[in-house]
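In order, the protein sequence lines correspond to chains A and B.
Residues 1 to 258 in the numbering used here are what the first sequence lists, from first letter to last.
Residues 1 to 258 in the numbering used here are what the second sequence lists, from first letter to last.
2 protein chains.
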Amino acid sequence: MNFLEPSTVLDLQNIRDELVKMEDTIIFDFIERSHFARCSGVYQANNAEVDIPNFDGSFLDWSLMQIEIVHSQLRRFESPDQTPFFPNHILKPILPSINYPKVLASYDAEINYNTKIKNLYIDHIVPMIAKRSGEQKEQMGSVTMIDIETLQNLSRRIHFGKFVAEAKYQSNKELYKKLILEKDVNGIMENITNSQVEEKILERLRVKAQVYGVDPTNKEGERKITPEYLVRIYRDFVIPMTKEVEVEYLLRRLEDEK
Amino acid sequence: MNFLEPSTVLDLQNIRDELVKMEDTIIFDFIERSHFARCSGVYQANNAEVDIPNFDGSFLDWSLMQIEIVHSQLRRFESPDQTPFFPNHILKPILPSINYPKVLASYDAEINYNTKIKNLYIDHIVPMIAKRSGEQKEQMGSVTMIDIETLQNLSRRIHFGKFVAEAKYQSNKELYKKLILEKDVNGIMENITNSQVEEKILERLRVKAQVYGVDPTNKEGERKITPEYLVRIYRDFVIPMTKEVEVEYLLRRLEDEK
Chain A
1 MNFLEPSTVL DLQNIRDELV KMEDTIIFDF IERSHFARCS GVYQANNAEV
51 DIPNFDGSFL DWSLMQIEIV HSQLRRFESP DQTPFFPNHI LKPILPSINY
101 PKVLASYDAE INYNTKIKNL YIDHIVPMIA KRSGEQKEQM GSVTMIDIET
151 LQNLSRRIHF GKFVAEAKYQ SNKELYKKLI LEKDVNGIME NITNSQVEEK
201 ILERLRVKAQ VYGVDPTNKE GERKITPEYL VRIYRDFVIP MTKEVEVEYL
251 LRRLEDEK
Chain B
1 MNFLEPSTVL DLQNIRDELV KMEDTIIFDF IERSHFARCS GVYQANNAEV
51 DIPNFDGSFL DWSLMQIEIV HSQLRRFESP DQTPFFPNHI LKPILPSINY
101 PKVLASYDAE INYNTKIKNL YIDHIVPMIA KRSGEQKEQM GSVTMIDIET
151 LQNLSRRIHF GKFVAEAKYQ SNKELYKKLI LEKDVNGIME NITNSQVEEK
201 ILERLRVKAQ VYGVDPTNKE GERKITPEYL VRIYRDFVIP MTKEVEVEYL
251 LRRLEDEK
């Protein structure tokens with residue numbers, strides 16, 4: 001079964017199953033990134049060591065933009081669960097368009113947290129998962145490729161808040177309409193928060209970090225990701241930002257009810 | 001520690017450690033691919049549904065070429081452990097060149113098994129890991145992106161035979177020179193084969209498929225990769241093709257001894 005099946009895409013259980021699958025992908029990305037040093041040169045705008053003509057950003061920015069240009073032609077950003085970092089640079093797909101029914105509100109593409117996600121990743125997540133500080137200049141390309149993967153997967157996870165929000169809105173329109181009309185941000189936040197579900201996510205992440213973080217045939221070997229860091233990344237960044245997306249999405253939801 | 005450290009890159013233990021790390025990467029790729037159907041349209045040359053102007057190959061070929069063009073600018077193919085699928089289309093890096101000492105023989109780039117690896121992947125590996133047959137046309141882009149990752153990682157694994165071969169050659173030049181002069185392919189194959197090491201690899205893969213293939217917090221859940229298939233892929237394809245690379249590399253090794 002595929003998450004984007006239109007008939008079940010707003011089924012909350014289906015959304016949660018997909019979020020569970022994404023945990024594995026993100027953990028695998030963190031493990032790949034953990035093999036390299038921090039490499040801050042990758043993230044530095046106008047780094048003199050990188051000669052990019054007519055470009056103002058970092059090496060990561062340039063590379064991510066190139067990859068998005070390719071992926072856009074593979075139809076990546078027609079999918080409602082994908083959000084580009086460089087929406088003004090992507091191209092038209094070479095594949096025929098998908099006739100996918102509109103399941104999210106008309107303004108969904110305007111909710112784009114990618115710049116925030118990128119800054120968060122660079123400033124807080126990389127220092128936790130990259131074991132060593134320092135540059136490893138000859139690894140800049142490899143680091144950038146893994147960073148792109150990881151950012152795309154974090155972006156998908158966090159913007160999934162839109163599906164969660166739409167499902168919750170559909171399941172209790174009366175309540176949310178009232179909260180939205182009153183611009184009651186706290187009330188919305190309270191209603192979208194399910195502490196039990198969040199605690200379960202963190203508990204599952206602890207187990208997954210234990211299991212995936214070490215070679216199962218050599219348990220005395222190097223630990224690639226610690227449960228503490230993984231839980232911290234989700235508790236302090238991924239979960240709160242997903243909820244921010246949900247609140248922003250819901251606050252505008254009545255625009256589509258005319 | 002990074003594999004490509006010039007002083008240890010031909011240390012056989014170091015090479016084996018890197019091969020172990022790659023197993024995880026390849027298993028994670030297989031797991032990602034397992035979520036999708038077979039999608040043979042991705043692999044079909046001149047598929048009428050894909051409108052690629054002036055291009056004769058499959059959708060996968062076109063996409064892989066675009067990605068390689070981006071990656072080449074990130075210096076991917078300057079690294080001796082990377083082998084392009086489209087060597088005639090890649091571009092110059094925008095990063096300064098790495099001053100990496102030549103550790104492999106001068107002809108190493110001429111040993112390129114990528115077409116063979118791609119065919120093998122499409123014909124034998126995808127049918128084993130993609131759970132369902134069928135097309136899932138709306139997923140062609142996602143499938144292609146995962147295929148590219150997987151192919152690049154399989155290619156790195158198999159072409160690692162060059163490092164293995166060079167290390168073995170260095171450790172017993174007398175023996176290999178004699179075998180090479182006699183064009184004794186069987187003798188070379190016998191000397192590079194370490195059945196004990198191969199059995200250990202397969203044993204480790206069985207355990208990894210058990211552990212990584214199922215959600216550790218829901219062991220009754222769906223199994224994403226079976227030990228049987230993973231072992232078969234390595235035993236029948238990955239290991240023999242790595243050895244083919246080793247033999248081809250060694251047979252030409254005296255070209256560099258003049």
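Glycine residues also receive a C-beta, built at the ideal position from the N, C-alpha and C atoms.
Given the structure is predicted, the values throughout are model-derived calculations rather than measurements.
CB contact below 7 Å: residue i versus chain A
i         : result
Ile98(B)  : yes
Gly141(B) : yes
Val70(B)  : yes
Val207(B) : yes
Glu138(B) : yes
Ile94(B)  : yes
Thr217(B) : yes
Arg76(B)  : yes
Phe28(B)  : yes
Arg252(B) : no
Arg204(B) : yes
Thr144(B) : yes
Chain B contact for residue i (CB, 7 Å cutoff)
i         : result
Ile148(A) : no
Ser63(A)  : yes
Val211(A) : yes
Arg38(A)  : no
Gln66(A)  : yes
Ile52(A)  : yes
Arg235(A) : no
Asp11(A)  : no
Arg223(A) : no
Pro87(A)  : no
Leu19(A)  : no
Leu154(A) : no
6 Å CB neighbourhood of residue i in its chain, flanking five on each side removed
i         : result
Phe3(A)   : Glu18
Lys224(A) : Ile31, Ser34, Gly213
Met22(B)  : Arg157
Arg16(A)  : none
Gln82(A)  : Arg76
Asp11(B)  : none
Phe237(A) : Leu120
Ala45(B)  : Gly57, Ser58
Asn172(A) : none
CB-CB length for residue i against residue j, believed under 8 Å
i         : j         : result
Lys243(B) : Gly161(B) : 7 Å
Arg235(A) : Leu181(A) : That belief does not hold up - the Cβ atoms of Arg235(A) and Leu181(A) are roughly 32 Å apart, past 8 Å.
Phe36(B)  : Ser142(B) : 7 Å
Ile117(B) : Leu74(B)  : Not a contact, Cβ separation roughly 21 Å.
Ile67(A)  : Asn153(A) : About 13 Å; that fails the 8 Å criterion.
Tyr249(A) : Ile111(A) : 6 Å
Phe261(B) : Val9(B)   : The requested residue 261(B) does not occur in the structure, where chain B is confined to residues 1 to 258.
Neighbourhood of residue i by C-beta, 8 Å cutoff - its chain only, sequence neighbours within 5 removed
i         : result
Val185(A) : Val247, Leu251
Asn47(B)  : Gly41, Ser58, Phe59
Gly221(B) : Val214, Asp215
Close Cβ partners of residue i (< 7 Å) along its chain, the five nearest in sequence each way excluded
i         : result
Tyr107(A) : Arg252, Glu255
Ile69(A)  : His89, Ile90, Leu91
Tyr229(B) : Met128, Ile129
7 Å Cβ cutoff met for residue i and residue j
i         : j         : result
Arg232(A) : Ser133(A) : no
Ile98(A)  : Glu149(B) : no
Val245(A) : Pro216(B) : no
Ser155(B) : Asn114(B) : yes
Met189(B) : Val42(B)  : no
Pro101(A) : Pro240(A) : no
Lys168(A) : Ile129(A) : no
Pro80(A)  : Leu64(A)  : no
Pro227(A) : Arg204(A) : no
Contacts that residue i makes with chain D (C-beta to C-beta distance below 8 Å)
i        : result
Thr83(B) : Chain labels in this structure do not include chain D; the protein chains are A and B.
query: Below 8 Å, can you find three or more Cβ-Cβ pairs linking the stretch 80-97 of chain A to the stretch 46-64 of chain B?
result: yes
task: Decide if the stretch 104-123 of chain B is in contact with the stretch 54-63 of chain A; the criterion is three or more beta carbon pairs, one per stretch, under 8 Å apart.
output: no
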